[in-house]
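> Pasting a structure here, questions to come.
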Amino acid sequence: MSNAPLAIATGEHRAAFLGQMRRVPGPVAIVATSVDGERTGLAATAWNSLCADPPMLLACVNRNASAHRLIHRASAFSINLLPADHIETVAIFSAQRGLEGSARFLDDAWSDGILGQPMLREAIAAFECSLDGTHDYGTHTILVGKVGAMQCRDDAEAMLYLDGCFTSAMRLA
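Here the sequence shown stands for residues -19 to 153, numbered as in the working numbering.
Structure below.
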């Protein structure tokens, strides 16, 4: 790929965009939800802090994802930043193991937050959010979550996704 800008009108624009976005490291998290005994979740890198006053996060979820409907029913969700050694958790929550819904939640790996949302016990950081707003764009819905319960650990590195691979960040001096 050259450094020359591509015109928006070219058929290569989407492919170029996806190729460039692979170069942007993303923190890997499980977005999870639960309501009326039903649980589901998905692996995601499209999530971020929104503001600190009040504490809010956003997550982008494909409207075709099984979690999309359930998040709206629950009016709540959790975001669980994965440790670098949880590649199997990504496989489970990205449909690579053939598991769906509640079967994705391994026994004793999850607890429930105050709002009843699944929180990964070994998450680097886990946030339980009440759904404060949504915005539909393209194939996805931006979920705006008001942060309630939180948990964290500082004895592991966070998982990142970069260039089609899982990695972790290296601290600079």
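All residues carry an ideal CB built from backbone N, CA and C; glycine is no exception. Small disclaimer: the values here were computed from a predicted structure and weren't measured.
CA-CA distance, Met(-19) and Gly144?
Low confidence applies to Met(-19): its pLDDT is 48, below 50, so where it sits in the model is not reliable, and the reading given next is rough at best. Near 17 angstroms, if we compare the C-alpha coordinates of Gly144 and Met(-19).
> From this set, Glu18, Gln76, His120, which residue's C-alpha is nearest Gly96's C-alpha?
Selected option, being the one with the closest Cα: Glu18.
> Spatial neighbours of Pro7 within its chain, please: C-beta separation below 7 angstroms, excluding the five flanking residues on both sides.
So the qualifying residues of the chain are Thr25, Leu61, Ala138, Leu140.
> Should Val119 go down as buried or exposed, given a rule of 16 or more other Cβ atoms within 10 Å for buried?
It is worth fixing the name first, because residue 119 is Thr in this sequence and not Val. The residue is exposed, with fewer than 16 neighbouring Cβ atoms inside 10 Å.
> Hey, how far is the Cα of Met99 from the Cα of Pro35?
Rounded to the nearest angstrom, the two C-alpha atoms are 18 angstroms apart.
> Buried or exposed: where does Val4 fall if 16 or more other Cβ atoms within 10 Å of its Cβ makes it buried?
Burial call: exposed.
> Looking at Phe107: is its Cβ nearer than 8 angstroms to the Cβ of Ser58?
Cβ atoms of Phe107 and Ser58: closer than 8 angstroms.
> If contacts are defined as beta-carbon pairs under 8 angstroms, then Val127 and Thr114 qualify, I think. What distance do you get, rounded to the angstrom?
Wrong, their Cβ atoms sit about 16 angstroms apart, outside the cutoff.
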